[in-house]
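Using this note's numbering, count along the sequence shown one by one with no gaps and you end on 409.
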Amino acid sequence: MIRTLYGTLLLLLFCGIVQAQELYDLPAGAESRWISLENITGAKGKGGMENKGAKGHASEWLKAGESKVMMDYEGAGVINRIWLTIIDRSPAALRSMYIEMYWDGATKPAVSVPLGDFFGIGLGRRTAFQSALFSDPEGKSFNCNIPMPFKKHAKIVLVNASKVNQLLFYDINLTRLKKHPKEIAYFHAWWSTNANSSKLGEDFEILPRIKGKGRFLGTNLSIIADKIYGDTWFGEGEVKAYLDGDKEYPTLAGTGTEDYIGSAWNLGAFSHLYQGAPIVDKAKKQFAFYRYHIPDPIYFNTDCKITIQQMGGAGRDLIRGIAKAGGKVKPISVMTAKGLIKLLEEPAFPDINDDKFPADEWVNFYRVDNYSATAYFYLDKPENELPPLQPLTERLTGIL
């Protein structure tokens, strides 16, 4: 392992193993910088100069419709931590506002994600939680600890597309370096929703196909279950990773939604280092969970695509009732005492409306719900070819 500051940061964060030597290493040429409203450039000896050093510029009002360049930094370095807070943390505000990040002079952002969703929890909702990459100690703040290296320039912009003025506090902690090792990967994040475009039997793309060499770091994923499905289970969908030329079938395939985030047999609220479900709101049919591939890395050399099936499960009579009420359903398999009956491969099995279809068996079926996700990944270039952030009307669909 190359003994660089960047390598040490990755080891500390990703392996979770801290050796005493790494805590007292003093990397050659490394300098610490904090960028905040008290030192907007991060310049040496220029912090807290306003009001004669007595808390002169801790916050600023960010008016509705305005944007704030939080960081515009020349030089090489690694962002280690981002912290911020705002005064209105409602779902509408947190889906309306968004954060953008640009690396090494790129004109297209590597990150363009709604503010709340970027910081580890979807649906624009906050609650106290902690993971390896994000935390919110009391449901009032936003913390990110993902290492974000850059070679010559970094810019971070916060856009207030909400209808309210926001009081903004923040600081961005980074290590200034003379130069990086030759091989670094840039941090990227992309958000999307299928709120107005989903079709029965169509997998939701957590991350559309991207080209390049990199690492899929993980996702926070949200589902707003359509009320027409009642209390039936939404989480039979399998997460799939299409890597390095995979077409019809992926190299990596999971076994179910709650399985992917390390749980089993339905879903309750929890937050662990690499997997969790901070929001399990069965009354509102809202679920937000995350999985970070830190101990189990997903690398790709030429391209990568990540999807999840829109699939649930219930008994025969419940599915009949949903269909009768106008809900979109397509049974695909039946779990029986003798094993799984694959309806797409064995069409001779009775139709679900046939009384010969067993009433007491578990039926997996395609359904259509409101999915959204933030995909986090590293790529060997500062820009990606993904579509821009979706319009505000789509970002707000279903959460209000």
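By construction, the Cβ of each residue, glycine as well, lies at the ideal position given by its N, Cα and C atoms.
Practice problem: Select from R329, P356, I44 the residue whose C-alpha is nearest the C-alpha of N362. | Solution: Taking the sequence shown and counting its residues from 1, the one referred to as residue 362 is at position 353. With distances taken between Cα atoms, N362 lies closest to R329.
- [ ] Quick one: give me the first and last residue of the beta strand (DSSP E) that Y301 is part of.
- [x] Translated into positions along the sequence shown, residue 301 becomes position 292. That run of the beta strand (DSSP E) goes 295-301.
Span of the alpha helix (DSSP H) holding F366? Translated into the one-based positions of the sequence shown, residue 366 becomes position 357. Neither: F366 is in no alpha helix (DSSP H) and is coded neither H nor E.
Practice item. With DSSP as the reference, label A102 as helix, strand or coil. Key: Numbered from its first residue, the sequence shown carries residue 102 at position 93. A102: helix per DSSP, three-state reduction.
With DSSP as the reference, identify every bridge partner of W200, one or two as the case may be. Translated into the one-based positions of the sequence shown, residue 200 becomes position 191. Answer is T383, bridged to W200.
Does the Cβ of K236 have 16 or more other Cβ atoms within 10 Å, making it buried, or fewer, making it exposed? Locating residue 236 in the sequence shown gives position 227, where the first residue counts as 1. Under this definition K236 is an exposed residue.
**Q.** DSSP bridge partner residues for N48 (one or two, in chain order)
**A.** As a working note, residue 48 is residue 39 in the sequence shown. Partner(s): S45.
Taking the straight line between their C-alpha atoms, what separation do you get for H302 and A384? Position 293 of the sequence shown, counted from the start, is the residue given in the question as residue 302. Position 375 of the sequence shown, counted from the start, is the residue given in the question as residue 384. Answer to the nearest angstrom: the Cα atoms are 11 Å apart.
- Between the CA atoms of L327 and Y179 - distance to the nearest angstrom: If you number the sequence shown from 1, residue 179 lands on position 170. If you number the sequence shown from 1, residue 327 lands on position 318. Straight-line Cα distance between these residues: approximately 49 Å.
Where I408 and I193 are concerned, what is the direct C-alpha to C-alpha distance, given to the nearest angstrom? For the purposes of this step, residue 408 is taken as the residue at position 399 of the sequence shown. For the purposes of this step, residue 193 is taken as the residue at position 184 of the sequence shown. The alpha-carbon atoms of I408 and I193 are separated by roughly 38 Å.
Exercise. Using alpha carbons as the reference points, say which of A382, K293, K339, W112 lies closest to Y375.
Key: As a working note, residue 375 is residue 366 in the sequence shown. Selected option, being the one with the closest Cα: K339.
Subject >> Completely contained alpha helix (DSSP H) runs for the segment 49-119, where each covers 4 or more residues >> reply: 100-105
**Prompt:** Helix, strand or coil: which one does DSSP assign to Y412?
**Reply:** Lying before the first or after the last residue shown, residue 412 is absent from the chain, which here runs from 10 to 409.
For this session: For G25, count neighbouring C-beta atoms within 10 Å of its own C-beta (all shown protein chains included) and say buried if the count is 16 or more, exposed if not.
Result: By 1-based counting over the sequence shown, the position of residue 25 is 16. Legend: pLDDT at G25 = 43, less than 50; position of this residue unreliable, no value from coordinates given.
- T490 classed as buried or exposed, judged by whether at least 16 other C-beta atoms fall within 10 angstroms: Missing from the structure shown is residue 490; the chain here goes from 10 to 409 and no further.
| task | To the nearest angstrom, report how far apart A278 and T402 are at their CA atoms. | result | Your numbering for residue 278 matches position 269 in the sequence shown. Your numbering for residue 402 matches position 393 in the sequence shown. Going from the Cα of A278 to the Cα of T402 covers about 29 Å.
Counting only runs of 4+ residues fully inside the segment 214-276, write out the alpha helix (DSSP H) ranges in chain order. 266-269
* Asked: Can you tell me whether A314 is buried or exposed, with buried defined as 16 or more other CB within 10 angstroms of its CB?
  -> Within the sequence shown, numbered from 1, the residue matching residue 314 stands at position 305. Reading off the sequence shown, one finds Lys at residue 314, where the question assumed Ala. The residue is buried, with at least 16 neighbouring Cβ atoms inside 10 Å.
Near G148, what residues of its chain come up, given a Cβ to Cβ distance below 6 Å and the 5 sequence neighbours on each side ignored? As a first step, residue 148 must be located in the sequence shown, where it is residue number 139. These residues qualify, in order along the chain: R135, T136, A137.
Legend entry - Euclidean distance between Cα positions of S231 and F151: Looking up residue 231 in the sequence shown gives position 222. Looking up residue 151 in the sequence shown gives position 142. About 18 Å.
Note to self: Three or more C-beta pairs under 8 Å: does that hold for the segment 78-95 against the segment 206-220?
What the structure shows: no
Taking all protein chains shown into account, decide if N393 is buried (16 or more other Cβ within 10 angstroms of its Cβ) or exposed. Locating residue 393 in the sequence shown gives position 384, counting from the first residue. Result: buried.
So, with DSSP's three-state summary, where would you put A323?
For this step, residue 323 is matched to residue 314 along the sequence shown. Reduced to three states, the DSSP call for A323 is strand.
- What are the boundary residues of the beta strand (DSSP E) that includes R404? On the sequence shown, residue 404 is found 395 positions in, with the first residue counted as 1. Per DSSP, R404 belongs to no beta strand (DSSP E); it is in the alpha helix (DSSP H), 401-405.
#### Entry: Residue from L142, D369, N229, F225 whose Cα sits closest to the Cα of D253
Mapped onto the sequence shown, residue 253 falls at position 244. Ranking L142, D369, N229, F225 by Cα distance to D253 puts F225 first.
Closest to A304 by C-alpha separation, out of K365, Y387, L282, would be which residue? For this step, residue 304 is matched to residue 295 along the sequence shown. According to the sequence as given, residue 304 is Pro; it is not Ala. Out of K365, Y387, L282, L282 has the C-alpha closest to the C-alpha of P304.
Original post:
Taking Cβ to Cβ, would you say G56 is nearer than 8 Å to N48?
Top reply: One-based indexing of the sequence shown puts residue 56 at position 47. One-based indexing of the sequence shown puts residue 48 at position 39. Yes. Within cutoff.
So, for G263: in the same chain, excluding its five sequence neighbours on each side, which residues have a beta-carbon less than 6 Å away from its beta-carbon?
Working through the sequence shown from its first residue, we reach residue 263 at position 254. Answer for G263: E247, V248, Y269, listed in chain order.
| message | When you compare the CB positions of I88 and I181, do they come within less than 8 Å of one another, or not? | response | If you number the sequence shown from 1, residue 88 lands on position 79. If you number the sequence shown from 1, residue 181 lands on position 172. It is a contact, given that the beta carbons lie within the stated cut-off.
Next item on the list: Measure from the alpha carbon of E355 to the alpha carbon of each residue in D290, K347, I341, then state which is nearest.
Entry: Position 346 of the sequence shown, counted from the start, is the residue given in the question as residue 355. Here the closest residue by C-alpha is I341.
Q. Do V477 and S207 have their CB atoms nearer than 8 Å?
A. This structure cannot speak to residue 477, because the chain is shown only from 10 to 409.
| task | Taking F159 as part of the beta strand (DSSP E), name the residues at either end of that continuous run. | result | Within the sequence shown, numbered from 1, the residue matching residue 159 stands at position 150. Note, F159: beta strand (DSSP E), 157-159.
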